[in-house]
Amino acid sequence: MSQHVRPLPSVPYRGQSEEQQPWGTSGGTASEEQQPWGTSCGTASEEQQPWGTSGGTASEEQQPWGTSGGTASEEQQPWGTSGGTASEEQQPWGTSGGTASEEQQPWGTSGGTASEEQQPWGTSGGTASEEQQPWGTSGGTASEEQQPWGTSGGTASEEQQPWGTSGGTASEEQQPWGTAGGTASEEQQPWGTSGGTASEEQQPWGTSGGTASEEQQPWGTSGGTASEEQQPWGTAGGTASEEQQPWGTSGGTASEEQQPWGTSGGTASEEQRKWSAAPRLQLLPTHPPQTRSPHPNGPETAPIVSGAQKTQSEQMCLSAVRMECGRQAWDT
Numbered sequence: 015m016s017q018h019v020r021p022l023p024s025v026p027y028r029g030q031s032e033e034q035q036p037w038g039t040s041g042g043t044a045s046e047e048q049q050p051w052g053t054s055c056g057t058a059s060e061e062q063q064p065w066g067t068s069g070g071t072a073s074e075e076q077q078p079w080g081t082s083g084g085t086a087s088e089e090q091q092p093w094g095t096s097g098g099t100a101s102e103e104q105q106p107w108g109t110s111g112g113t114a115s116e117e118q119q120p121w122g123t124s125g126g127t128a129s130e131e132q133q134p135w136g137t138s139g140g141t142a143s144e145e146q147q148p149w150g151t152s153g154g155t156a157s158e159e160q161q162p163w164g165t166s167g168g169t170a171s172e173e174q175q176p177w178g179t180s181g182g183t184a185s186e187e188q189q190p191w192g193t194a195g196g197t198a199s200e201e202q203q204p205w206g207t208s209g210g211t212a213s214e215e216q217q218p219w220g221t222s223g224g225t226a227s228e229e230q231q232p233w234g235t236s237g238g239t240a241s242e243e244q245q246p247w248g249t250a251g252g253t254a255s256e257e258q259q260p261w262g263t264s265g266g267t268a269s270e271e272q273q274p275w276g277t278s279g280g281t282a283s284e285e286q287r288k289w290s291a292a293p294r295l296q297l298l299p300t301h302p303p304q305t306r307s308p309h310p311n312g313p314e315t316a317p318i319v320s321g322a323q324k325t326q327s328e329q330m331c332l333s334a335v336r337m338e339c340g341r342q343a344w345d346t
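Note that this note's numbering has the sequence shown beginning at 15, numbered continuously upward.
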């Protein structure tokens, strides 16, 4: 009867360190640098991450000012908004903080100074001859039209009064917008302030209301679209050539030399394989298989081979196998 010997179990990657195993397979270890960042375990420096995504850090200069974290110089901010600073010349005088020369202020208002000639006589500081002043002085009477408006009893039309003073009215166009009562068109207001409207192109995308084309958005963020080449392969949607894929993963192809021998498809020299090749003894049957044959004179009979009838060579082979493998003898 046939003799069977169980094959020795193979040990994959026997004797190989973690570094020798291709990372990405069971047991392989790769450094953080070898892993493409953005995948699980990959670590990228702050500089490598596109800022604006979770974990990305950008300098104050890189952030568009007006957004959270952005810092702009005083010159870059439109004055009149919180934090904006303008020189005295840039501010319209008459508003809080504006300073005008004495010549620019209409005299008669707080701070305005006029020469004696410019002041209407009869007012505090004005001097006129008796001929010039009958009215307004003690005993003089003048019609309302004759009296200079701004003095007690004088009446002037709204147009004659300088607007900005008590009683003066100016059209919306005449008032500097940004002050109480001033109205400016949306185009005149700096967008980003309350009431300012800017086209989508003018707004820096990434802020509320800003719209950017897919090309302008950094891919990997919500809404960003990148070509297959731009995406790091191994992530969802990334496509890499066979050469770019690490072999051993689905789709990766490696030459025989690149594959670790002992795996399916790996080829190794005889020297490389000696340490894992266990000695195997081939047992050849000493007798041909005996088959039952019909007896010419009766029922089928067949000789019975018992264990006691094993040849001496068979017994020696079985003993050698037991000693080599260190296993219990198996039934034959």
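Glycine is no exception: its CB is placed at the ideal position from the N, C-alpha and C atoms. Computed from a prediction, not measured in an experiment: that's the story for all the values here.
Is residue i helix, strand or coil by DSSP?
| i | result |
| --- | --- |
| S12 | This structure does not reach residue 12, given that the chain is present from 15 up to 346, and the question cannot be answered. |
| S241 | coil |
| Q326 | helix |
| D345 | Bear in mind that the predicted position of D345 carries a pLDDT of just 47, short of 50, making it unreliable; the figure below should be weighed with that in mind. Three-state result, D345: coil. |
| Q76 | coil |
| E286 | Here residue 286 turns out to be Gln, not Glu, going by the sequence shown. Note: Q286 maps to helix in three-state DSSP. |
| S255 | coil |
When the cut-off is 8 Å and only beta carbons count, does residue i lie next to chain D?
| i | result |
| --- | --- |
| Q63 | Absence of chain D from the displayed structure is noted, only one protein chain being present. |
Looking only at its chain, what residues have a beta carbon closer than 6 Å to the beta carbon of residue i, apart from the 5 residues adjacent to it on each side?
| i | result |
| --- | --- |
| S255 | none |
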